[in-house]
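Residue numbers 10 to 410, in my numbering, belong to the letters of the sequence shown in order.
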Amino acid sequence: MWDILLTDCRTATMDSTGVIGDAAIGIAAGRIVFVGSRADLPSGDIARAVHRLGGAWVLPGFVDCHTHLVYAGNRDRERQMRAGGMSYEDIARAGGGIMSTVRETRAADEDTLADVAVERARAMAREGVTTIEIKSGYGLNLDCELKMLRAAARVGDRVPMRICRTLLGAHAVPPEFAGNRDGYVRFVCEGMIPAVAREQLAEAVDVFCEAIAFMPEETERIFSAAKAHGLKVKLHADQRSDMGGGALAARHCALSADHLEHLSEAGVAAMAEAGTVAVLLPYAYHHLGDTHLPPIEALRRARVPVAIATDCNPGTSPMHSPLLLKEVAEGVFGLTPHEALAGMTINAARALGLEAETGSLRVGKSADLAVWDVADPAVLAPKNGHLISRVFRGRMDGDLS
Ligand code: NIG
Ligand code: FE
């Protein structure tokens, strides 16, 4: 006997099955056991709870595959600085930017960090998110990086969501290592990565590869250390300039290369060849007033899987709304509604190495789904995205009376 049967609904499975007009979905022990036409349901009493959804749409739960959800403080004053003509780089070099969030995050205790992150995660859950990736990177010393990763784990204890954690010790060179970048890179490789691997505090390691952050050679050293400790890698790549980041990520079989505004043609080809997911972060582009679009048409032509993510962080993307993300991905990056939805579901799951577990509605996967009262998922947007219910691993929250 199944636990839940959802019926009288429409579904976009986000895999090869596509759209099913008169659909039914069966859930047992937290897994999807049936997705198909209502006409193909087995007969008889098959589920303990039956929900008739009156034609609502069922979609996979959203996956936000790139966030900096754990941080203290805010960077609102940087808006003014940018309006006055300073660039993201100018602000960083003047001691603002990432370092200003580092100061506030170091000063906050783990409970406070968990509390603010839980609030953000709850808002995401209310918009259909069932999986989030959370990076460290505002600690830049061992204690504070570990504190951030522990706070990130606590989000998963308090909000029904799958949390994937990423060590981003190489986000910026902290003041303690000013003039000694090499020493800091060594510390990330020999201090942070082994500690995080030993305590199983993250599944992956990320690097901000950029002129104001870490060079390609430094990135390579950090990736080698990550892999030696059994951690996956991913990259903040080619955001502000072409650093060859996309190709570097591909060479290291990274899960994803993210941002990519300045990704070169060679980078597109290397990512296509390696199957590296391109994670686009359109709200960060929009918030920074950037004008150099990522090579979206080239990514399409080369069939690179494209995901989109909020990049929730206080400096470049102070928001945590998947529906706003979808709107900006379409309006500013020109993605089609289907590309945006695939980018928030199956391709985002791929970017976390979770495509066998979540991101589409398929028998055997975790029952992570969202029920939307909307005429067509293409029009899901902040103004008309009405979430009726969210199911995570077969557990429902929301009103399915
Ligand atoms: O993804 N680019 C680097 N990291 C973040 C921004 C971090 C910050 O400015 O606090 C990003 O945009
Ligand atoms: Fe980021």
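Beta carbons: idealized from backbone N, C-alpha and C, even for Gly.
Keep in mind the model is a prediction, meaning the values are calculated, not measured.
- Excluding the 5 residues flanking it on each side, Thr-325 has same chain C-beta neighbours closer than 6 Å at Ala-293, His-296 and Leu-297, in chain order.
- A distance below 8 Å between beta-carbons, with the five flanking residues on each side excluded, links Lys-335 to the following residues of its chain, in chain order: Ile-317, Pro-346, Ala-349, Leu-350, Met-353, Leu-389 and Ala-390.
- Judged by DSSP in its simplified three-state form, Ile-29 adopts strand.
- Ranked by how close their Cα comes to the Cα of Met-280, the residues Thr-300, Gly-254, Glu-270 and His-301 have Gly-254 in first place.
- In the same chain as Arg-230, and ignoring 5 residues on each side of it, the C-beta atoms closer than 7 Å to its own belong to Val-194 and Cys-198, in chain order.
- Residue pairing from DSSP places Leu-289 in a beta bridge opposite Ile-317.
- For the ligand FE, a non-hydrogen atom lies closer than 7 Å to the CB of His-75.
- Taken through DSSP and simplified to helix, strand or coil, Arg-84 comes out as coil.
- For Val-127, the enclosing alpha helix (DSSP H) covers residues 119–134.
- Within the DSSP bridge table, the entry for Pro-69 names Leu-378 as partners.
- In the DSSP assignment, Arg-47 is bridged to no other residue.
- DSSP lists Phe-223 as the bridge partner or partners of Cys-218.
- Around the beta carbon of Val-313, 16 or more other beta carbons lie within 10 angstroms, which makes this residue buried.
- If you ignore the 5 residues before and after Leu-176, its C-beta comes within less than 6 Å of the C-beta of Ser-145, Val-205, Ala-211 and Val-214, all in its own chain and listed in chain order.
- Taking a cut-off of 8 Å for Cβ pairs, the segment 228–246 and the segment 260–273 touch, as three or more such pairs fall below it.
- Cβ atoms of Val-168 and Ala-134 come within 8 Å of each other, at about 6 Å.
- The Cβ-Cβ distance between Leu-333 and Pro-303 does not fall below 8 Å.
- No residue range can be given for Gly-53, since it is assigned to no beta strand (DSSP E) and is classified by DSSP as neither H nor E.
- The Cβ atoms of Ala-307 and Glu-274 lie closer than 8 Å to each other.
- Around the Cβ of Ser-398, a 10 Å sphere holds 16 or more other Cβ atoms; the residue is buried.
- Not one heavy atom of the ligand FE falls within 7 Å of the beta-carbon of His-296.
- Thr-140 is classed as buried because its beta carbon has at least 16 other beta carbons within 10 Å across all chains shown.
- The beta-bridge partner set that DSSP reports for Ala-21 consists of Val-28.
- DSSP places Met-405 within a strand segment (E or B) once states are collapsed to three.
- Of the candidates Pro-327, Gly-403, Arg-102 and Ile-355, the residue whose Cα lies closest to the Cα of Arg-84 is Pro-327.
- The Cβ atoms of Ser-46 and Asp-31 sit closer than 8 Å to each other.
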